[in-house]
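Chemist: Using numbering that gives the first Met the number 0, read the sequence shown as starting at 0 and increasing by one per residue.
Don't be surprised by glycine CBs; every beta carbon is placed ideally from N, CA and C.
Pasting a structure below so you can have a look.
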Amino acid sequence: MATALQQQLAQIAKKSTDQLDLKAQRAQHSKSLLFDPRVAANQTFETIYQICAEAFQELCLLDARFAPFAANLFSEQSKSEERINLTKKENEELDQIIDSFLGLVSSRLLLRPGLKAVEWLVRRFRVHEYNTESLVLTFLPYHANPVFPTMLSILPKTLPPTLKFLQPYISSLSCPPSQALVYAAVNNPSFFTAFNTYVVRTSNLGHHSVMLLQFWAGVMTPTINGMLDAAMSGRADVRSQRQEDLLLRLVPVLQQTLRIKNVPELFLGSCMIICVLVSKTQLDDKVLDSLMDAVSRGWTSQTVDQGLSTVAIIAEERQSLKFTRPVTKALLKVPALETRILELQTKQHTGRLLTGLAMTSLGEAATPEAFDLIENAVTSHIPTLPQKAAIIQLLLSAVSDLQASSEAVASQERLGRIFSALCQSSSTLPLVQAEAARLDLSLESLEV
């Protein structure tokens with residue numbers, strides 16, 4: 000039996016606990032993107048819902064893609080939904096819906112309806128506690144806007160490791176500069192992964208915006224530059240390991256971003272990153288081929304010129320001149336390919352692009368288009384003499400193969416015309432003579 004004193008002490012302890020719980024609940028309820036904490040603390044969910052649901056309807060008028068969220072996040076039922084009462088599975092399903100909505104609303108956070116709609120997610124679903132990472136990444140493109148410190152002010156005291164770099168800016172309620180974001184992406188692998196995952200997920204859902212993707216490219220390009228600079232310091236074995244770690248983190252991201260069709264800003268940003276990567280470090284052909292393949296698979300009619308430029312830059316860094324079969328097939332499908340390469344030549348080196356394409360296209364398909372490409376390659380000023388010599392060597396091997404065959408008469412005739420043109424040029428005649436002598440072939444056998 001508890002004594003009277005014990006009962007009194009238990010009642011006092013319970014009352015104190017209840018008061019602390021009420022105080023904590025009141026502090027929790029006062030977290031708001033729109034209202035002063037003292038005002039927010041006294042608002043009912045009915046009042047908040049009316050304000051935010053009206054804003055949500057305005058968003059639906061701006062973009063019909065918001066409409067499905069009326070059945071969950073902004074339903075009447077949501078007014079009484081407590082996350083603490085949901086099962087783990089229900090909370091996970093809710094997280095997916097919230098992530099989808101945040102990605103879609105991201106481009107409209109500076110519009111009053113957008114911010115009001117997110118207010119409902121803060122007040123009712125406590126996204127600042129349950130979905131901290133997604134909320135911060137949604138606001139991150141606005142890191143220089145006053146709305147960002149407002150968002151920081153409602154975050155929990157303990158941040159996940161991904162977002163630890165924001166701690167000083169929470170303390171001062173200030174805007175982090177771009178350099179701080181780049182520094183975090185370079186030095187905090189979890190933030191690097193989370194940022195890229197958010198962009199890929201949002202783009203896959205079709206909820207991306209031009210602003211988000213331009214912001215992503217603007218952060219990631221100097222990030223990769225910084226990572227490469229860091230990887231180049233130290234002993235050779237340390238440098239090698241750092242470079243390998245960088246590739247393991249970056250290449251899968253680029254393969255994902257380039258795989259997403261009809262998002263030109265994402266494709267262009269990925270190409271920018273690839274150009275920095277391949278120009279600042281020595282990569283083996285296997286890695287370069289995977290990047291070249293991803294670019295050539297990902298371009299569309301909108302982005303083919305930027306893709307072709309990127310493939311040309313990658314080609315300049317490869318050891319082998321020949322391209323892989325998938326890359327060659329993708330290149331040969333590009334409309335007006337030769338014209339595009341000639342235009343590109345005025346801006347950057349395209350010698351290895353044209354050489355590799357010429358060398359590989361003959362094995363891919365001995366079509367009139369392939370022969371046109373080969374002839375233009377060996378007679379143009381774009382490839383260097385060593386590159387032309389490599390093409391001529393391949394052509395001579397093709398001549399030997401065709402002479403041993405009773406078929407492909409048209410191909411033999413076309414090759415004969417190509418060699419006639421080569422022998423009429425003072426710059427390429429010595430190359431033909433040297434390669435023919437090396438293979439013990441006479442010019443007469445080439446029918447020139």
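For a test of the three-state rule: what should DSSP assign to residue 174, helix, strand or coil?
Modeler: Coil at residue 174, not helix or strand.
Chemist: When you compare each of 90, 189 and 287 to residue 163 by their alpha carbons, which one comes out closest?
Modeler: The residue with the shortest Cα to Cα distance from residue 163 is 189.
Chemist: Is DSSP giving residue 373 helix, strand or coil here?
Modeler: Residue 373 falls in the helix class under three-state DSSP.
Chemist: Quick one: residues in its chain with C-beta nearer than 6 Å to the C-beta of residue 16, no 5 flanking neighbours on either side, listed in chain order?
Modeler: At residue 16 the pLDDT is 42, less than 50, meaning the model places this residue with poor confidence and gives no usable figure here.
Chemist: Using a Cβ-Cβ cut-off of 7 Å (strictly less than) and excluding sequence neighbours within five positions of residue 142, which residues of its own chain qualify?
Modeler: Same-chain partners within the cutoff: 174, 175 and 180.
Chemist: Flag this pair as yes or no: are the beta carbons of residue 397 and residue 442 separated by less than 8 Å?
Modeler: Contact flag unset, no.
Chemist: Measuring alpha carbon to alpha carbon, tell me which residue in 34, 261, 207 and 209 is nearest residue 50.
Modeler: Of the candidates 34, 261, 207 and 209, the one whose C-alpha sits nearest the C-alpha of residue 50 is 34.
Chemist: I need the straight-line Cα distance from residue 333 to residue 88, nearest angstrom please.
Modeler: So the two alpha carbons sit approximately 48 Å from each other.
Chemist: Taking the continuous alpha helix (DSSP H) assigned at residue 150, which residues delimit it?
Modeler: Note, residue 150: alpha helix (DSSP H), 146-151.
Chemist: Under the assumption that residue 131 contacts residue 158 (Cβ atoms under 8 Å), give the Cβ distance between them as a whole number of angstroms.
Modeler: Correct: roughly 7 Å between the Cβ atoms.
Chemist: Tell me whether residue 380 is buried or exposed, calling it buried when 16 or more other Cβ atoms sit within 10 Å of its Cβ.
Modeler: Label assigned to residue 380: exposed.
Chemist: May I have a chain-ordered list of the alpha helix (DSSP H) segments no shorter than 4 residues that lie completely inside the segment 298-368?
Modeler: Counting whole runs of 4 or more residues, the segment 298-368 contains the alpha helix (DSSP H) stretches 303-316, 324-331, 336-344 and 350-363.
Chemist: Buried or exposed for residue 205, going by 16 or more other Cβ atoms inside 10 Å?
Modeler: That one is exposed.
Chemist: With DSSP as the reference, label residue 199 as helix, strand or coil.
Modeler: In the structure shown, residue 199 sits in a helix (DSSP, three-state: H, G or I).
Chemist: Tell me where the alpha helix (DSSP H) around residue 93 begins and ends.
Modeler: Taken as a continuous stretch (DSSP letters only), the alpha helix (DSSP H) holding residue 93 covers 87-104.
Chemist: Under 8 Å, with one C-beta from each stretch per pair, do the segment 383-396 and the segment 335-349 reach the 3-pair mark?
Modeler: With the cut-off at 8 Å, the segment 383-396 and the segment 335-349 do not touch.
Chemist: Quick check on residue 16: does DSSP put it in helix, strand or coil?
Modeler: In this prediction, residue 16 has a pLDDT of 42, which is less than 50 and means its spatial position is unreliable; nothing more can be read from the coordinates.
Chemist: Taking the CB atoms as reference points, tell me whether residue 279 and residue 246 lie closer together than 8 Å.
Modeler: Contact: no.
Chemist: Determine the direct distance from the alpha carbon of residue 417 to that of residue 330, and round the result to whole angstroms.
Modeler: Roughly 22 Å between the two C-alpha positions.
Chemist: Would DSSP call residue 210 helix, strand or coil?
Modeler: DSSP places residue 210 in helix when its eight states are reduced to three.
Chemist: Hey, how far is the Cα of residue 313 from the Cα of residue 154?
Modeler: Computed Cα separation, rounded: 43 Å.
Chemist: What whole-angstrom Cβ distance do residue 420 and residue 354 have, given they're in contact under 8 Å?
Modeler: No, residue 420 and residue 354 are not in contact; Cβ-Cβ is about 17 Å, not under 8 Å.
Chemist: Using the three-state DSSP reduction, which class does residue 205 fall into: helix, strand or coil?
Modeler: Reduced to three states, the DSSP call for residue 205 is coil.
Chemist: Just the C-alpha distance for residue 414 and residue 358, rounded to the nearest angstrom, thanks.
Modeler: Approximately 13 Å between the Cα atoms of the pair.
Chemist: Around the Cβ of residue 45, are there at least 16 other Cβ atoms within 10 angstroms (buried) or fewer (exposed)?
Modeler: It counts as exposed.
Chemist: Is residue 189 helix, strand or coil by DSSP?
Modeler: If DSSP states are grouped into helix, strand and coil, residue 189 belongs with the helices.
Chemist: Enumerate, from N- to C-terminal direction, the unbroken alpha helix (DSSP H) stretches of 4 or more residues contained entirely within the segment 229-271.
Modeler: Counting whole runs of 4 or more residues, the segment 229-271 contains the alpha helix (DSSP H) stretches 235-258.
Chemist: If you draw a straight line from the C-alpha of residue 263 to the C-alpha of residue 308, how long is it?
Modeler: One C-alpha to the other measures close to 15 Å.
Chemist: Looking at C-alpha atoms only, which residue of 74, 68, 79 and 92 is the closest neighbour of residue 104?
Modeler: The option with the nearest alpha carbon to residue 104 is 68.
Chemist: Grab the span of the alpha helix (DSSP H) containing residue 123 for me, first residue to last.
Modeler: Neither: residue 123 is in no alpha helix (DSSP H) and is coded neither H nor E.
Chemist: With the cut-off set at 8 Å, would you say residue 146 and residue 114 are in Cβ contact?
Modeler: Taking 8 Å as the Cβ cut-off, residue 146 and residue 114 qualify as a contacting pair.
Chemist: Does the segment 315-328 touch the segment 292-301, meaning 3 or more C-beta pairs lie closer than 8 Å?
Modeler: Verdict: yes, contact present.
Chemist: Nearest-angstrom Cα distance between residue 335 and residue 427?
Modeler: Their Cα atoms are separated by approximately 26 Å.
Chemist: Considering only their Cβ atoms, is the gap separating residue 430 from residue 373 smaller than 8 Å?
Modeler: No.
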